[in-house]
Ligand code: MN
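In our numbering, the protein residues as written are 0 to 288.
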């Protein structure tokens, strides 16, 4: 039998706030004090589920920069229109994932999709920030627009299934290319499902309960927006659902480097942060047109 991971701690939502006027988020780290324990992951905002009335004017977050890391947008309900200073633009539809490597710097906007804005409806999305090792922080920005069709689903024993966004599960590889070894799985369990997830030892691992009810390695979590941190030791975790559940499983090799962050910039030193602020204001990360 594989050695089992244990739950080290369970965390509630930290801050609840609006990002722009489009994303009412519950932050699952770092505002609740969870930080290095989830490296290489830096931040997770769970937006919605929230209902929006039909409107003529798209809501969202207007022009802003990023440097030094990756932003990963996972759309569950509703859509996000994206546009950046390099001329990239697109719509992230339900089931799609946008994996954006901001690296040396990107200026972009993230708005509700036009059609969604016009029709209104329920909006639900996750934005995850993934750190880059120092040697990649100033590399060329890139995008991976990953459609629903490109994300393989893995049927697990006992009424569970996972979409492998990054990394691998039971030999099935996800489409996202990453700079460090990590797994991101969109995991769904029906009430009564019971399964074992293989997860590497030596990695930081978080099980995020977006909604539902699960027992993870003997620890029960119920409701919405909870986070369980698992031990680095162990190669497997048992998950059992008491209700239909939507989870996000994050696992990755820690990046053991200093983190200096300021708003949308995540670097290694204060000096690099000051440089990022200067470069942004000097227009070196581009502008939206
Ligand atoms: Mn952004």
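Quick reminder that beta carbons are idealized off the backbone N, C-alpha and C, glycines included.
- In this structure, DSSP gives residue 37 a helical state, which the three-state scheme calls helix.
- Residue 62 has its CB no nearer than 7 Å to any heavy atom of the ligand MN.
- When distances are taken from the beta-carbon of residue 109 to the heavy atoms of the ligand MN, the shortest one is below 7 Å.
- Cβ contact annotation for residue 138 (same chain, cutoff 7 Å, sequence separation greater than five): 102 and 103, in chain order.
- Non-local beta-carbon contacts of residue 252 in its own chain, meaning distances under 6 Å to residues more than five positions away in sequence, involve 179, 180 and 202 in chain order.
- Within the model, the alpha-carbon separation for residue 116 versus residue 207 is close to 28 Å.
- As DSSP reads the structure, residue 73 sits in a beta bridge with 96 and 125.
- Residue ranges of uninterrupted beta strand (DSSP E) with 3 or more members, entirely inside the segment 190-251 and ordered along the chain, are 193-197, 203-215, 218-229 and 235-251.
- With three or more CB-CB distances shorter than 8 Å, the segment 88-103 counts as touching the segment 63-71.
- In the three-state DSSP reduction, residue 133 falls in the helix class (H, G or I).
- In the three-state scheme derived from DSSP, where H, G and I count as helix and E and B as strand, residue 270 is classed as helix.
- Listed in chain order, the non-local C-beta contacts of residue 223 below 6 Å within the same chain comprise 210, local neighbours out to five positions each way being set aside.
- Distance from the CA atom of residue 161 to the CA atom of residue 281, rounded to whole angstroms, is 44 Å.
- By DSSP's assignment, residue 81 forms a beta bridge with 89 and 109.
- Here residue 72 is buried: its Cβ has 16 or more other Cβ atoms, across all protein chains shown, within 10 Å.
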